[in-house]
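Asker: First residue of the sequence shown? That's 1 in this note's numbering, and the numbers climb one at a time after it.
For each residue, glycine too, the CB sits at the ideal point set by N, CA and C.
Here it is, the structure in full.
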Amino acid sequence: MEKRCGKLVVFEGIDGTGKSTQVRLLREYLEAQGIEIVTDYEPTRGEWGMRVRAAAASGKRLPVEVEVDCLLRDRREHVEQLITPALERGCWVLLDRYYPSMLAYQGATGINPAELRRLNENFAPQPDTAFWLDVPVEVALERIHGRGGSNDAFEQKSFLESCRHIYAAFEAPWWHRIDATADVHSIHARIRERVRDLIDGIN
Ligand code: TYD
């Protein structure tokens, strides 16, 4: 069995919910406590992740079975090469997206989320805590367009509604919904409260 002493903290949500900002703020906070941090994201920039990214950016997604295959390969490499070694060294790993994204996005494309969960949990360590940054789809889309983002193939309204429903139905002891319509600093404060429990558990 893996002997992990670091913590795995995951940020999830549809695009435009502010995940990357919250990853950065939490990283700064934890580093100030003297905790060693690795931050990363999925899909990675590796071979398999890039196949999925390139197709979506061109506006035309791969067939969903191919997406699942590529994204599982990408995640397996990520777990083996970065996530597990970092946790075993005692680092905290902060991830912008992880396998709940697959349940949401490939689930919204018609693959059974429970089956996707099983495929992932066969090899991917479960998070110590995951924050689902939740905003209504209209708000998320306004934010994406406000920052000049493109409407890529993962960013259609009805599709994002389905993703949000799957996130809402997800259940795990480590899964926490955060109302991400609040301002950046109060969202960060809520996240800190939760993370304090993990830090206190170590000390
Ligand atoms: P995203 O976080 O939007 O990356 P960036 O901000 O760099 O464009 O991730 C790209 C897309 O990948 C996102 O729309 C969701 C999708 N995705 C899946 O469909 N399945 C997965 O398992 C993961 C991790 C991401």
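Using DSSP's beta-bridge definition, name the partner residues of His176.
Answerer: On the sequence shown, position 176 is the one that residue 176 refers to. In DSSP, His176 forms a bridge with Phe131.
Asker: Using CA atoms only, rank isn't needed, just tell me which of Gly107, Ala32, Glu80, Phe131 is closest to Leu94.
Answerer: Here residue 94 is taken as the residue at index 94 of the sequence shown, counted from 1. Of the listed residues, the one whose Cα sits closest to Leu94 is Phe131.
Asker: Decide if the region 187-196 is in contact with the region 22-32; the criterion is three or more beta carbon pairs, one per stretch, under 8 Å apart.
Answerer: Contact holds: three or more Cβ-Cβ distances are below 8 Å.
Asker: Among Arg117, Gly46, Thr181, Glu115, which has the Cα closest to the Cα of Leu82?
Answerer: As a first step, residue 82 is located in the sequence shown; it is residue number 82 there, counting from the start. Selected option, being the one with the closest Cα: Gly46.
Asker: With respect to the beta strand (DSSP E) encompassing Glu65, which residues constitute its N-terminal and C-terminal limits?
Answerer: The residue given as residue 65 occupies position 65 in the sequence shown. Segment 64-78 is the alpha helix (DSSP H) holding Glu65; no beta strand (DSSP E) there.
Asker: Figure out for me which residue from Gln156, Cys163, Asp183, Gly201 has the closest Cα to the Cα of Lys60.
Answerer: Counting from 1 along the sequence shown, the entry for residue 60 is found at position 60. Taking only the C-alpha atoms, the option nearest Lys60 is Gln156.
Asker: Please go through the same chain and pick out, in chain order, the residues whose beta-carbon is closer than 8 Å to the beta-carbon of Ile178, but skip the five residues on each side of it.
Answerer: In the sequence shown, the residue the question calls residue 178 occupies position 178. The residues are Phe131, Trp132, Leu133, Asp134, Ile187, Arg190, Ile191.
Asker: DSSP on Thr181, reduced to helix/strand/coil?
Answerer: For this step, residue 181 is matched to residue 181 along the sequence shown. Thr181 falls in the coil class under three-state DSSP.
Asker: Going by the C-beta, is Leu71 closer than 7 Å to any heavy atom of ligand 1?
Answerer: Along the sequence shown, read from residue 1 onward, the residue named residue 71 stands at position 71. Yes - ligand 1 has a heavy atom lying nearer than 7 Å to the Cβ of Leu71.
Asker: Using the rule of at least 16 other Cβ atoms within 10 Å of the residue's Cβ for burial, across every protein chain shown, is Arg164 buried or exposed?
Answerer: By 1-based counting over the sequence shown, the position of residue 164 is 164. Arg164 is buried by the Cβ-count criterion.
Asker: Are Ala71 and Ile166 closer than 8 Å when you measure CB to CB?
Answerer: Taking the first residue of the sequence shown as position 1, residue 71 is located at position 71. Taking the first residue of the sequence shown as position 1, residue 166 is located at position 166. Checking the displayed sequence, the identity of residue 71 turns out to be Leu instead of Ala. No, the pair does not count as a contact, with Cβ atoms beyond the cut-off.
Asker: I need the straight-line Cα distance from Glu207 to Glu65, nearest angstrom please.
Answerer: Summary: the structure shown does not reach residue 207, with the chain confined to residues 1 through 203, and so no result is reported for it.
Asker: Rounding to the nearest angstrom, what Cα-Cα distance links Val195 and Thr129 in this structure?
Answerer: Reading the sequence shown from its first residue, position 195 is the one you call residue 195. Reading the sequence shown from its first residue, position 129 is the one you call residue 129. Distance between the alpha carbons of Val195 and Thr129 is about 8 Å.
Asker: Determine the burial state of Arg118: buried for a count of at least 16 other Cβ atoms within 10 Å of its Cβ, exposed for fewer.
Answerer: Residue mapping note: residue 118 aligns to position 118 of the sequence shown, counting from 1. Label assigned to Arg118: exposed.
Asker: Expressed to the nearest angstrom, what Euclidean distance is found between the alpha-carbon atoms of Tyr98 and Ala182?
Answerer: Along the sequence shown, one-based indexing puts residue 98 at 98. Along the sequence shown, one-based indexing puts residue 182 at 182. The alpha-carbon atoms of Tyr98 and Ala182 are separated by roughly 23 Å.
Asker: Around the C-beta of Phe154, are 16 or more other C-beta atoms found within 10 angstroms, so that it is buried, or is it exposed?
Answerer: Indexing the sequence shown from 1 puts residue 154 at position 154. Buried, since its Cβ has 16 or more Cβ neighbours within 10 Å.
Asker: What is the C-beta distance between Asp74 and Ser20, in whole angstroms, given that I count them as a contact (C-beta under 8 Å)?
Answerer: For the purposes of this step, residue 74 is identified with residue 74 of the sequence shown, where counting begins at 1. For the purposes of this step, residue 20 is identified with residue 20 of the sequence shown, where counting begins at 1. The Cβ separation is near 19 Å, so there is no contact.
Asker: Beta carbon of Val184, beta carbon of Gly6: below 8 Å?
Answerer: Within the sequence shown, numbered from 1, the residue matching residue 184 stands at position 184. Within the sequence shown, numbered from 1, the residue matching residue 6 stands at position 6. Their beta carbons are not under 8 Å apart, which means Val184 does not touch Gly6 by this criterion.
Asker: Just tell me which of Lys3, Val9, Arg4 has its CA closest to the CA of Asp197.
Answerer: By one-based count along the sequence shown, residue 197 stands at place 197. Considering only alpha carbons, the answer is Val9.
Asker: In angstroms with no decimal places, state the Cα-to-Cα distance between Ala180 and Pro127.
Answerer: Counted from its first residue, the sequence shown places residue 180 at position 180. Counted from its first residue, the sequence shown places residue 127 at position 127. Rounded to the nearest angstrom, the two C-alpha atoms are 20 Å apart.
Asker: What span of residues does the alpha helix (DSSP H) with Glu28 cover, start to end?
Answerer: Taking the first residue of the sequence shown as 1, we reach residue 28 at position 28. Per DSSP, Glu28 belongs to the alpha helix (DSSP H) from 19-32.
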